[in-house]
Structure formats: structure tokens, C-alpha cells
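Numbering (my numbering), first residue to last: 557 to 862. Below you'll find the structure, written out as C-alpha cells, and then a few comments.
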Ligand code: MG
Ligand code: MG
Ligand code: MG
């Protein structure tokens, strides 16, 4: 029997980890062999969710080969996937992002919806296949929806995400708001990170019109607290720009209580940021009113203005 390797994107977030674990559970319920992996260090928010619902941290996967059968969750772009992904056999994708530079040599199962979270789609997959969820799996999937939608406040959140979250909260037996705020708060503890680690907690590399753009994001309850280390953060960003030949590096410091972001932008295409948001960068930084979603409020906007 084929064993599927399941993983989300590099710099894994709660959705990437929860979706991998939930997908392993679903496959096993269907009597198929599968295992969840992670492509990098988990963040403090994900750690809180795994501890709360008593899951182990998935094993680290360094790379895949042509012998591997893989299931991608919460991503499809090869730049965000495992090293060697071009060679592997991709049997399934469950995702809620733009589809970009994606191709396979064999037919596959691809389920994508413009919803706020991959776990919302996985819940539908469970319904389709008559799979019942344990309290723990439901709680983990709920954590992913809370995380990706910032407790339903992100513009990426849909009616379906809220509906599924409510169903999952019943099974998990938690109060969404109480648990949700604790979960998000756990993710704002950035005290243990160096500047280099900070810009890699939640970071994605995208290519737009052949310009390599890194967009990283951290959640906080106090933007100024993060800005205290601005010069170290800028040094770390400049190093990545040099090493990865980036045209632009955007570092978003997102205030999850007021739903705004401060951006630090570096690279020779900073003009794109100024044009996209009609702002002037001062000391490489600007306040972006109401911007919280990279997927909906950053990537599409800078794509238009590059
Ligand atoms: Mg994600
Ligand atoms: Mg996601
Ligand atoms: Mg995210």
C-alpha cells in the first residue's frame, strides 16, 4: 500500500500543521496509509494548539524524491513546498490559495475553494466521506480556522468558515471566543525570537512578473514593541534580499486587536509598496490601515502594481 506524505507550506502556520494532521486522520479513516509532516519550525500559536489538544509535533521533512507520493495541504506553489517537489508524485492538493506555477505529470485530486482556511475544506471532505471527527481533531481544525481568519475578523473569512468553526467548537467542546483569544495571544509572544527567526516565523516567497518577493508577517498586540528591534530586523531582511536575489521584502507587523499592519519594506522595488497603498515609506516603513491578509490584501494588490 502506498504511503502518502502530507505537508503544508514552509514556515508552517497553524493551518498547515492542523491540515496535515487532519488529512492523516482522514486517510487512515479511509484505510489508507499516510503520515503528517512539517517543513519547518512550528510557531508559538501552533504549539499552544497542539499542546491543548494533545498532539505531538509532526516530524520534520527535509526533502522529497521521485519515489514519494505526496499530499499538499494549505499551499500549491513549488517555491513554498518541500525541496524536490518537482520530482515527487503529487496525488492530492487541498488548498485555499492562488494556483501558481503548478503542474503535475499525472492526474490528481485537487480541491480548492476561496475560503478562509484549508481546514474548512477538510471539514467538507469529512462530510462527503462520512467521517466523524474526534474532539481532538475537531479542536485542532478549529484552531486553524481561528488562526487563518484572526477569529473571523480577516477579510478572507467567509460565512462557511464561521459555520464550520461553530460545528467544530461543538465537537471540541470549547468556547470559540475564550479559546480563540488565548490561541491568538499565544502567537503574539515573540520574545524568544532573534531578528532572523522573527522574519521567518510566517514567511512566503512569491514570484510576480519575474520579481522575487518575500512577504513575512508577525502577529502582535503592540506594533511599537516589535519596532524596538527595527534595525536588527532590517539587517536580517537585507541579508535575505542579498542571499535570495529578492526585488522586494515586505515585513508586516500585524496588530490583531485593531486589524492594521505596519510594513517594513526593503529592496529595489519598494516603489511597488508606495504605489499599491498610496503611502510614502519613511525610514523604510509605513502604516497600512486595515491590512491584515497577505493573500487578499497584499499579493493581489502588489501584483497589479508591479
Ligand atoms: Mg498557511
Ligand atoms: Mg491556510
Ligand atoms: Mg497565514
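Every residue, glycine too, gets a C-beta built ideally from N, C-alpha and C. Owing to the predicted nature of the structure, the values given are computational and were not obtained by experimental measurement.
1) Enumerate, from N- to C-terminal direction, the unbroken alpha helix (DSSP H) stretches of 4 or more residues contained entirely within the region 565-622.
2) So which residues put a beta carbon under 6 Å from any heavy atom of ligand 4, going in chain order?
3) Name the DSSP beta bridge partners of residue 810, please?
4) State yes or no: is the C-beta of residue 559 within less than 9 Å of the C-beta of residue 596?
5) Taking the beta strand (DSSP E) that residue 645 belongs to, which residues open and close that run?
6) Please tell me whether residue 774 and residue 754 are closer than 9 Å, where the distance is taken between their beta carbons.
7) Going straight from the alpha carbon of residue 629 to that of residue 787, what length do you get?
8) Three or more C-beta pairs under 8 Å: does that hold for the region 645-662 against the region 686-700?
9) Spell out a yes or no on whether the region 572-592 and the region 666-677 are touching, meaning 3 or more CB-CB pairs, one atom from each, closer than 8 Å.
10) Mind listing, in chain order, the continuous alpha helix (DSSP H) runs of no fewer than 4 residues lying wholly within the region 661-694?
11) Using the Cα positions of residue 846 and residue 853, report the straight-line distance between them to the nearest angstrom.
12) Is residue 704 near ligand 2, with its Cβ less than 8 Å from a heavy atom?
13) Between the region 636-646 and the region 605-614, can you find at least three pairs of beta-carbon atoms closer than 8 Å?
14) State yes or no: is the C-beta of residue 700 nearer than 8 Å to some heavy atom of ligand 2?
15) So, for residue 615: in the same chain, excluding its five sequence neighbours on each side, which residues have a beta-carbon less than 6 Å away from its beta-carbon?
16) Using the rule of at least 16 other Cβ atoms within 10 Å of the residue's Cβ for burial, across every protein chain shown, is residue 651 buried or exposed?
17) Should residue 673 be listed as close to ligand 2, given that the test is whether its C-beta is under 8 Å from any heavy atom?
18) Under DSSP, the beta strand (DSSP E) around residue 710 begins and ends at which residues?
19) With which residues is residue 639 paired in a DSSP beta bridge?
20) Can you give the Cα-Cα distance for residue 764 and residue 729, rounded to whole angstroms?
21) Indicate the three-state DSSP secondary structure (helix, strand or coil) for residue 770 in the structure shown.
22) For residue 562, list the residues DSSP reports as bridge partners.
23) Using 10 angstroms around the beta-carbon of residue 568, count the other beta-carbons present and answer buried if the total reaches 16, otherwise exposed.
24) Let's see if you can read the secondary structure: which residues bound the beta strand (DSSP E) around residue 764?
25) Under 8 Å, with one C-beta from each stretch per pair, do the region 745-762 and the region 715-728 reach the 3-pair mark?
26) On the criterion of 16 or more Cβ atoms from any shown chain inside 10 Å, does residue 839 qualify as buried, or is it exposed?
Judging by the given coordinates:
1) Counting only runs of 4 or more, we get 570-585, 600-608.
2) With respect to ligand 4, the structure shown offers nothing to examine, as its ligands consist of ligand 1, ligand 2 and ligand 3.
3) Within the chain shown, residue 810 is the residue found at index 254, counting from 1. Bridge pairing for residue 810: 775, 817 [DSSP].
4) What you label residue 559 is simply residue 3 of the chain shown in a count that begins at 1. What you label residue 596 is simply residue 40 of the chain shown in a count that begins at 1. No, these two residues do not count as a Cβ contact at 9 Å.
5) To locate residue 645, count along the chain shown from 1; it is residue 89. Taken as a continuous stretch (DSSP letters only), the beta strand (DSSP E) holding residue 645 covers 645-651.
6) On the chain shown, position 218 is the one that residue 774 refers to. On the chain shown, position 198 is the one that residue 754 refers to. The Cβ atoms of residue 774 and residue 754 lie closer than 9 Å to each other.
7) Counting from one through the chain shown, the residue named residue 629 turns up at place 73. Counting from one through the chain shown, the residue named residue 787 turns up at place 231. Roughly 35 Å between the two C-alpha positions.
8) In this structure the region 645-662 does not lie against the region 686-700, because fewer than three pairs of beta carbons, one per stretch, are closer than 8 Å.
9) Touching, yes.
10) Listed in chain order, they are 674-684.
11) The residue you call residue 846 lines up with position 290 of the chain shown. The residue you call residue 853 lines up with position 297 of the chain shown. It is roughly 9 Å from the alpha-carbon of residue 846 to the alpha-carbon of residue 853.
12) Looking up residue 704 in the chain shown gives position 148. Yes, the beta carbon of residue 704 sits closer than 8 Å to at least one heavy atom of ligand 2.
13) In short, these stretches do not touch, since the Cβ pair count stays below three.
14) By one-based count along the chain shown, residue 700 stands at place 144. Yes, since a heavy atom of ligand 2 falls inside the 8 Å radius drawn around the Cβ of residue 700.
15) Counting from one through the chain shown, the residue named residue 615 turns up at place 59. Answer for residue 615: 593, listed in chain order.
16) Position 95 of the chain shown, counting from 1, holds the residue named residue 651. Of the residues assessed, residue 651 falls on the buried side of the cut-off, its CB having 16 or more other CB atoms within 10 angstroms.
17) Numbered from 1 along the chain shown, position 117 holds the residue referred to as residue 673. Yes.
18) Numbered from 1 along the chain shown, position 154 holds the residue referred to as residue 710. DSSP places residue 710 in no beta strand (DSSP E); its state is neither H nor E.
19) Sequence index remark: in the chain shown, residue 639 carries index 83 (1-based). The beta-bridge partner set that DSSP reports for residue 639 consists of 619.
20) Sequence index remark: in the chain shown, residue 764 carries index 208 (1-based). Sequence index remark: in the chain shown, residue 729 carries index 173 (1-based). C-alpha of residue 764 to C-alpha of residue 729: approximately 43 Å in a straight line.
21) Within the chain shown, numbered from 1, the residue matching residue 770 stands at position 214. Strand.
22) The residue labelled residue 562 in the question sits at position 6 within the chain shown. Looking at the DSSP assignment, residue 562 forms a beta bridge with 592, 627.
23) Translated into the one-based positions of the chain shown, residue 568 becomes position 12. Its Cβ being crowded by 16 or more others within 10 Å, residue 568 is buried.
24) The residue you call residue 764 lines up with position 208 of the chain shown. From DSSP, the beta strand (DSSP E) with residue 764 extends over 759-764.
25) These segments do not touch.
26) Within the chain shown, the letter at position 283 stands for residue 839. So residue 839 counts as exposed.
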